[in-house]
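For reference, the structure discussed in these notes is given below.
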Amino acid sequence: MIPMSQRASPTGLRPADPRDGRHACTPPRGTGRVGRAMVALVACTVFAVCTVLAACAGGTAPRPKGVLLLVVDTLRADALSLYGYGRATSPRLDRFAAERGVVFEHARAAAPWTKPSIASIMTGLEPRQHGVMLHHHRLHGQLATLGAAFQAAGYDTAAVQSNMLLASVFGYSNGFSVYLEEHLALHSVSTGEQINADALGWLDGRADPARPWFMWVHHYEPHFDYLHWPGLTFETGYTGRLTGSEPMDQLIAYTEHLGPDEIAFLRGRYDGEVLRQDQLVGDLLDGLAARGELAETLVVFTSDHGEEFLEHGELSHQHKLFDVLLHVPLVIARPGESQPGHRIVEPVSLLDLGRTMLDLAGETKRVFPGHSFAALMQGSGGIDLAPSVAHTATVEGGSETEPRELDMLFMGSHKLVRDLDSGERLLFDLARDPKERRNLAAEQPERTAALERELERFLSLRQRRGGPLAAEHVELTSEQLERLAKIGYGPKRGE
Ligand SMILES: [Zn+2]
194 MIPMSQRASP TGLRPADPRD GRHACTPPRG TGRVGRAMVA LVACTVFAVC TVLAACAGGT
254 APRPKGVLLL VVDTLRADAL SLYGYGRATS PRLDRFAAER GVVFEHARAA APWTKPSIAS
314 IMTGLEPRQH GVMLHHHRLH GQLATLGAAF QAAGYDTAAV QSNMLLASVF GYSNGFSVYL
374 EEHLALHSVS TGEQINADAL GWLDGRADPA RPWFMWVHHY EPHFDYLHWP GLTFETGYTG
434 RLTGSEPMDQ LIAYTEHLGP DEIAFLRGRY DGEVLRQDQL VGDLLDGLAA RGELAETLVV
494 FTSDHGEEFL EHGELSHQHK LFDVLLHVPL VIARPGESQP GHRIVEPVSL LDLGRTMLDL
554 AGETKRVFPG HSFAALMQGS GGIDLAPSVA HTATVEGGSE TEPRELDMLF MGSHKLVRDL
614 DSGERLLFDL ARDPKERRNL AAEQPERTAA LERELERFLS LRQRRGGPLA AEHVELTSEQ
674 LERLAKIGYG PKRGE
């Protein structure tokens with residue numbers, strides 16, 4: 194584990210009121226626009242109820258013995274053959290989904306980079322609610338997490354992960370009895386086998402194998418660096434200047450000079466990593482099967498965000514809200530799935546994944562934020578789907594105290610992205626323009642305004658249920674900041 198000095202900021206939080214399961218809070222101290230937004234609400238409620246009881250119908254399935262949340266970092270859905278990609282990048286996942294799972298065609302992350310996206314999965318809260326929006330933010334200790342919800346339901350809980358942005362010092366270990374992060378690394382070496390070994394080792398070592406378990410396994414292979422794997426390559430004989438070992442901050446600074454051959458080279462490396470990741474996913478599932486666990490386990494496979502290869506002018510991720518960054522794979526395999534291979538076309542948000550997982554595990558009455566989409570797996574029509582929203586904050590074009598912010602709403606077939614600083618609005622019709630090339634905002638001002646009103650309505654509804662909470666801060670060392678820059682999280686891109 195990487196040692197980090199920690200400076201928890203005052204929060205003003207009072208202890209939880211055990212009578213109603215709510216936390217009362219006074220306004221947190223904040224700085225800049227983010228801070229001012231946080232103090233706007235005087236009282237906050239951390240939990241929200243499952244609002245549509247009918248949507249919890251997925252809980253009628255038998256309770257699984259185990260629940261596995263398998264997250265692969267930086268995996269865009271359209272990079273998988275499971276989602277129609279032309280390269281055979283996911284043969285083992287394809288087979289698993291066909292034999293045991295249900296595939297969600299249109300799942301979106303709540304943020305285009307690791308920290309806020311994972312925080313939203315773990316809390317069911319939109320990024321401005323949980324407050325984890327910048328690198329030095331820490332998930333607040335008073336927030337209820339998915340791990341804690343399973344723990345309260347009697348599950349053994351563990352997490353195994355290797356992303357330094359998810360170190361326990363940032364609060365992501367909240368709710369997990371065991372948080373294994375011995376292999377925190379930038380992806381200059383593979384940690385996949387170690388992650389699998391730790392995950393299966395934890396299962397083997399549990400004191401009471403009869404107890405149910407919940408485990409979050411976080412793999413890291415597709416994240417930059419894009420390593421070369423002999424026998425798993427999709428490179429096409431590129432012999433140019435790039436070696437593939439350049440730090441991401443250098444590649445970003447060099448972006449405007451990258452030609453099609455160089456982008457194809459980088460994409461080939463990434464695709465090779467995706468195929469390598471597919472093998473590791475298959476190995477972990479095989480390990481569960483060998484232990485007799487797989488058939489009784491609820492398996493949820495997804496990613497925290499995608500990756501851009503200049504489709505919209507940039508490399509890497511974090512700064513925009515296009516679908517190459519938000520559209521992620523989602524496969525859910527329940528014990529005894531009656532419709533294996535079924536594909537669900539309704540759009541869903543990972544913001545609602547935790548609530549859905551609890552429902553699918555039979556914990557329908559357990560309080561947790563979100564809007565369950567479990568009923569979609571029962572073939573139930575007409576459920577009230579929540580819109581998909583996303584948000585990102587970046588110091589690019591802003592600062593740590595005044596970050597630049599963008600947010601997004603997707604409803605029907607249209608997607609609105611708004612830049613809260615410049616005022617720019619992007620409107621795309623994804624049914625006709627899935628690559629988001631044509632901004633319709635100027636020619637469809639009424640639709641743009643309607644979606645913006647819907648976004649505001651959604652955010653205000655969520656805030657009434659659980660208002661914004663200030664993230665705590667962790668002081669990053671200069672060495673850590675330098676390491677982050679090498680994988681594309683520099684304070685100022687291009688500098
Ligand atoms: Zn990530």
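Under this note's numbering, the letters of the sequence shown match residues 194 to 688, in that order.
Note that beta-carbon positions come from the ideal geometry of N, C-alpha and C, so glycine has one too.
In this structure, the beta-carbon distance from PRO540 to LEU268 does not fall below 8 Å. If you compare the alpha carbons of PRO423, THR557, VAL264 and GLU668 with that of ARG469, the shortest gap goes to PRO423. Under a 10 Å Cβ-count criterion, SER671 is classified as exposed, with fewer than 16 other Cβ atoms of the shown protein chains found around its own Cβ.
Distances from the alpha-carbon of ALA351 to those of HIS299, GLU500 and GLY394 put GLY394 closest. In this chain, the beta strand (DSSP E) harbouring MET601 covers 597-604. Not a single heavy atom of ligand 1 lies less than 7 Å from the C-beta of TRP395. Take the alpha-carbon of ARG331 and the one of VAL325: they are about 6 Å apart.
Assignment of GLY465 by DSSP, reduced to helix, strand and coil, places it in the helix class.
Leaving aside the five residues that flank GLU455 on each side, the residues in its chain whose CB is nearer than 7 Å to its CB run, in chain order, GLY433 and LEU435. Remark: C-beta atoms of LEU620 and LEU633 approach each other more closely than 8 Å. Burial state of THR307 is buried, judged by a 10 Å Cβ sphere holding 16 or more other Cβ atoms. Judged by pairs of C-beta atoms under 8 Å, the region 340-360 does not touch the region 289-301, as fewer than three such pairs exist. Between MET550 and ALA272, the alpha-carbon positions lie close to 25 Å from each other. Annotation for LEU623: ASP516, PHE603, SER606, HIS607, LYS608 and GLU629 place their beta carbon closer than 8 Å to its own, counting only its chain and skipping 5 residues before and after.
DSSP places MET357 in no alpha helix (DSSP H); its state is neither H nor E. Taking C-beta atoms as the reference points, ALA526 and PHE289 count as a pair closer than 8 Å. Per DSSP, the continuous beta strand (DSSP E) segment holding ASP612 begins and ends at 607-612. In this chain, the alpha helix (DSSP H) harbouring ILE388 covers 385-397. With 16 or more neighbouring CB atoms inside 10 Å of its own CB, PRO440 falls in the buried class. For LEU677, the uninterrupted alpha helix (DSSP H) run begins and ends at 671-679, by DSSP.
Taking C-beta separations shorter than 6 Å and ignoring five residues to either side along the sequence, the partners of ALA678 in its chain run ASP442, following chain order. In the DSSP assignment, ASP287 falls outside any beta strand (DSSP E) and within the unbroken alpha helix (DSSP H) covering 284-293. Pairing ASP266 with HIS416 gives a Cβ-Cβ distance under 8 Å. One Cα belongs to TYR419, the other to PHE458, and the distance between them is close to 10 Å. From the listed residues GLY465, VAL362 and GLY437, the smallest Cα separation to ARG280 is found for GLY465. Between PRO562 and GLY334, the C-beta gap is not smaller than 8 Å, which leaves the two residues out of contact. Burial state of LEU654 is exposed, judged by a 10 Å Cβ sphere holding fewer than 16 other Cβ atoms. In this structure, ARG611 places its C-beta atom within 8 Å of the C-beta atom of ASP600. Between the alpha carbons of ALA446 and LEU327 lies a gap of roughly 21 Å.
As far as DSSP is concerned, MET315 takes part in no beta bridge.
At a threshold of 7 Å, ASP497 counts as near ligand 1, since its beta carbon sits closer than that to one of the ligand's heavy atoms.
The beta carbon of GLU598 lies closer than 6 Å to those of ALA586 and LEU613 in the same chain, with the five residues before and after it left out. With a beta-carbon spacing of about 6 Å, HIS520 and ARG301 fall inside the 8 Å limit used to define contacts. Here VAL371 is not near LEU261, since their CB atoms are 8 Å or more apart. Per DSSP, reduced to three states, the secondary structure at SER581 is strand. Buried is the label assigned to GLY499, since at least 16 other Cβ atoms lie within 10 Å of its Cβ.
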